[in-house]
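Participant: Mind having a look at this structure? Questions to follow.
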Amino acid sequence: MKFNSVYRFGLSLAAVCCIFTSVSAQKNVAYQDQNVRISVITDGVVRMEYAPDGQFMNDNSFIAVNRNYPAAAFKVQNKGRKVEISTAQFVLTYNKGMGKFTADNLQIASPKAKKTIPFVWKPGMKDEKNLKGTYRTLDGYDGNMHDNEPMPIEDGLLSRSGWTFIDDSESYIFDRSEWPWVAHRANEGNTQDWYFMAYGHDYKKALKDFTAFSGKVPLPPRYAFGYWWSRYWSYSDNEMRNLVSHFRNYNVPLDVMVVDIDWHYRENGKGGWTGYTWNRRLFPSPKGFLKWLDDEHLQSTFNLHPADGIRNFEEHYPEMAKWMDVDPATKQDIAWQASDKRFMKGWIETQLRPMEKDGVDFWWLDWQQWNNDRLFPKLSNTWWLNYVVFTDMERTYDRRPMLYHRWGGLGNHRYQIGFSGDAIISWRSLDYQPYFNSTASNVLYGFWSHDIGGHYGVSAIDPELYIRWMQFGALSPILRTHSTKNSGLNKEPWEFDYHKVDIIRSIVDERYALAPYIYTMARKTYDDAIAICRPMYYDYPENNEAYDNRNEYMFGDQMLVYPITSPMKDGTSKEKVWLPAGNDWYEVSSGTLLKGGQTVERSFHLDEYPLYIKAGSVIPMYGKVKNLQGNDEPVVVSVYPGTKGQFSLYEDNGNDKNYADEYATTELTAQRNGNMLTVSIGARKGSYKDMPSARRFKVKIVASVVPESIMINGQKADFEYDGNNLTLIIDVPETDCSVAKKINITYPQDALDVADGTIGRFRRIQQNCLTAKRDDAEIIFGEELGTMESTGRAISYYPNRFREYIEAFRKNYANLPQILKNNGLNDERVEKFLKATY
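FYI, in mature numbering (1 follows the signal peptide of the UniProt record, and there is no 0) the residues of the sequence shown are -25 to -1, 1 to 813.
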């Protein structure tokens, strides 16, 4: 009997990016004979190999890039013709000496003593309860349908059965060169290389266990979580500058400029779908244009369709020809050869590297041609392009590698940002994307970048559909708007009427406000393999609602989202939202604290959507920022109604490769006891390059009454009070980040409860009074209706009269129908006002 110590997780960044310097013998071998080797990777994952010649495979495969497994606890009983390997998660039984693994000689079952999902697995069994993964592209799909066929979304790593089988027997391996390259397995087609994962309903453990042999999800640069502007349009240098100027004038934050295909020549004899020569009619000085983007603190990415290879008219054709030993004078085109290491190195060095040196930050790969390589028939061009370009960046630059391209299959999680393709503009497409987004986390592909608003299929923008798509996009991994080359598909915020401009701008602002929270959750993806957007069943695996409500998902650990994906009726959207038990949930749009453990039907205006925050949560945010290039912005510590909460704020340099070890965390906590609320900002721990020594904080208490007193580290402090949003704001002066701060807030003993929807009622009364004026410019609001409209503002001016104003508002609100009639509104306008209020 053999015991191994409990394992620990951890892979170096080099392992993540598939850059290996040596291959060691596999660890944790539980059983081995002449033809079979069985290794325990974690207590939930086992690798099973059959090799007819006894030459077991220690090289890294496309799926499995780590053979140096952490220590794992397991027991082995090897008696007679049978060997039994057991862990806390499974019991494997193998009958020795019977050749390849079959249902006659191999079985894996759940431990009898463990309270988990019972199972018995044998080779050949089909799992009917797989929770699915993702698919290469949304190209041409209206929702999940294309030519009357549903999307063949792939199986994922998770199943309600509690187990997953992965057959890695036929995938290619990496050779042992300095830049590992695709190679054939020995005895290809005759070996078995299997993985079995057992996890019950502990889905989070299963995903992290997968990274123990398949590598972590790299952390994207911080700027990736800002707003990306993208459009298929033949922009010129002048147009780009005017576009950015408009973003600045309209005060809309921006981080990434995506430049589509027309940056290079397109006409016959000078370019085409594939191209590498700048169109100097549009961009007279490429270097000057890229320098301007850099001066504007904008990251740039350019579209590549590389399938046509390097043709003789390209600016840097001569260099590539010489690289490939072709006489440039022959003007012989050089065909695309993805698996040819010499060609790919030349493609990068002669075509991409000059533009990278001029300032291109990363590439938008857009492979749309033949699926697999011509020399390696099972080598996906999509998967391989992602590997080559990502690892080239990792090998070449100090900055963090990033690209965006389509999903290529298992193992593709190591090359982070996904481009989901050209979605049809329709409500059906929007309705499918929340599910498509979150279920991709089941294969660790947690950073999809969708064409927010859709790509094509209509000739004009439906503002309501676009705004709903933007709301979903702001609570997606990447916020990137896009559309095809159609003059009617203008998604620039200023193209809409003033009310919708405000909504769109506020959506982008809210995305940036959440950046510290989002970035912390992205680090969690790296550490724990849990995506930002994740299905509800990760946290609530025993609730059927977690599986049935496919569009509902968690956005990080503290937020629940249910995007609105259908048109409003009579000016409102009604949605039935499941709020899981275990805690209460704060509805952001209305300011209402709702009980968990129920399904509620709620109504939403165009500027509202179902976003719920766990009661008591502490969420780090930003105020108004221009972009995410800096790392010293003031942090707003937002505390939501509830008893207690905690959050560990993560920070790093933002765009270097040292984040695995060079980072800092700050513990944020809130605790309520009676009429006292204590908010703590812990001393920062850790360090990273260019880390600010001091920082300003603001503490924002959401749905708060006016306090009696504020103390910061024992000293009395002032505060602001936002009456419209019933929010207490406390400025914590810039201080040393290594020093902890404690904020004590004392409330009146008989404080009112304002997490009851009052915030939403304030906003809707204000909106509806404005609508009433537009219906009748001569209307004069009476005392009761007029003071209802101005109650929030009055509280901001006179916080000492808080209770008086709130109680008067509540009394009038209860009598609103009569007040409207007293104000001279006819029955039709009263009904309109009330319908938009309640």
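We put the CB at the ideal spot given by N, CA and C, even for glycine. Quantities reported herein were computed from a predicted structural model and do not represent experimental measurements.
1. Going by the CB atoms, is the gap between W138 and W96 shorter than 8 Å?
2. Checking the sheet assignment: what are the DSSP bridge partners for C508?
3. Can you tell me where the alpha helix (DSSP H) with H474 in it begins and where it stops?
4. Count the C-beta pairs between the segment 561 to 570 and the segment 625 to 644 that are closer than 8 Å, then say yes if the count reaches three, no if not.
5. Do you know how far the Cα of I507 is from the Cα of E520?
6. Please state the DSSP three-state secondary structure of V219.
7. For S211, which three-state DSSP category applies?
8. Helix, strand or coil for T91 per DSSP?
9. Is the CB-CB distance between residue 816 and P510 below 8 Å?
10. Using a threshold of 8 Å, state whether the C-beta atoms of N630 and R216 are closer than that.
11. Counting along the chain, where does the alpha helix (DSSP H) carrying R768 start and finish?
12. Might you give, ordered along the chain, the residues of its own chain that have their beta carbon closer than 7 Å to the beta carbon of R778, omitting 5 neighbours on each side?
13. Got a sec: does the ligand HEM put a non-hydrogen atom nearer than 7 Å to the Cβ of Q30?
14. Quick one: which unbroken alpha helix (DSSP H) runs of 4-plus residues sit fully inside the segment 318 to 363? Chain order, please.
15. Can you give the beta carbon distance from H221 to W469, rounded, assuming they're within the 8 Å contact cut?
16. Any idea if Y202 is buried or exposed, counting beta-carbon neighbours within 10 angstroms, 16 or more meaning buried?
17. Between L569 and Y25, what straight-line distance do the alpha-carbon atoms span, to the nearest angstrom?
18. Whole angstroms is fine: what's the gap from W345's alpha carbon to P352's?
19. Identify, in the order they occur along the chain, each residue of the same chain with its Cβ nearer than 6 Å to the Cβ of I548, setting aside the five sequence neighbours on each side.
20. Using the three-state DSSP reduction, which class does S662 fall into: helix, strand or coil?
21. Check for me: the beta strand (DSSP E) holding G393 runs from which residue to which?
22. Which residue marks the beginning of the beta strand (DSSP E) containing K460, and which one marks its end?
23. For Y6, which of I60, N43, G384, R42 has the nearest alpha-carbon?
24. What three-state label does DSSP hand M368 in the structure shown?
25. Looking only at DSSP bridge pairs, what is residue 814 linked to?
26. To the nearest angstrom, how far is it from the Cα of V(-3) to the Cα of K660?
27. Starting from N519 and walking both ways along the alpha helix (DSSP H), at which residues does that stretch end?
28. Spatial neighbours of N80 within its chain, please: CB distance less than 7 Å, with the 5 preceding and 5 following residues excluded, ordered by chain position.
29. Is the CB-CB distance between E322 and D283 below 8 Å?
30. Which residue marks the beginning of the beta strand (DSSP E) containing R577, and which one marks its end?
31. Which class does K57 belong to by DSSP, given the choice of helix, strand or coil?
32. Quick check on F288: does DSSP put it in helix, strand or coil?
33. Whose CA, out of V677, K54, N650, Y638, lies closest to the CA of S662?
34. Rounded to whole angstroms, what's the CA-CA distance from V157 to Y501? Just pull it up for me.
35. Measuring CA to CA, which of G571, I794, A669 is closest to N606?
36. Across the segment 365 to 385 and the segment 471 to 478, are there enough close Cβ pairs to call them in contact, namely three or more that are closer than 8 Å?
Facilitator: Walking through what the data contain:
1. yes
2. F530
3. 473 to 488
4. no
5. 20 Å
6. helix
7. coil
8. coil
9. There is simply no residue 816 to check, as the chain begins at -25 and stops at 813 in what is shown.
10. no
11. 758 to 772
12. L727
13. The ligand HEM is absent from the structure shown, which contains no ligand whatsoever.
14. 328 to 333
15. 6 Å
16. buried
17. 56 Å
18. 11 Å
19. Before going further, note that residue 548 is Ser rather than Ile in the sequence given. The residues are I539, F579.
20. coil
21. 392 to 394
22. No beta strand (DSSP E) holds K460; DSSP gives it neither H nor E.
23. I60
24. helix
25. In the structure as shown, the chain begins at -25 and stops at 813. Residue 814 is therefore absent and cannot be evaluated.
26. At V(-3), the pLDDT of 44 sits below 50, so the modelled position is not reliable and the matter cannot be decided from this model.
27. 519 to 523
28. Y69, N70, M73
29. For clarity, residue 322 is Trp in the given sequence; the question names Glu instead. For W322 and D283, no; Cβs fall outside 8 Å.
30. 573 to 579
31. strand
32. coil
33. Y638
34. 25 Å
35. A669
36. no
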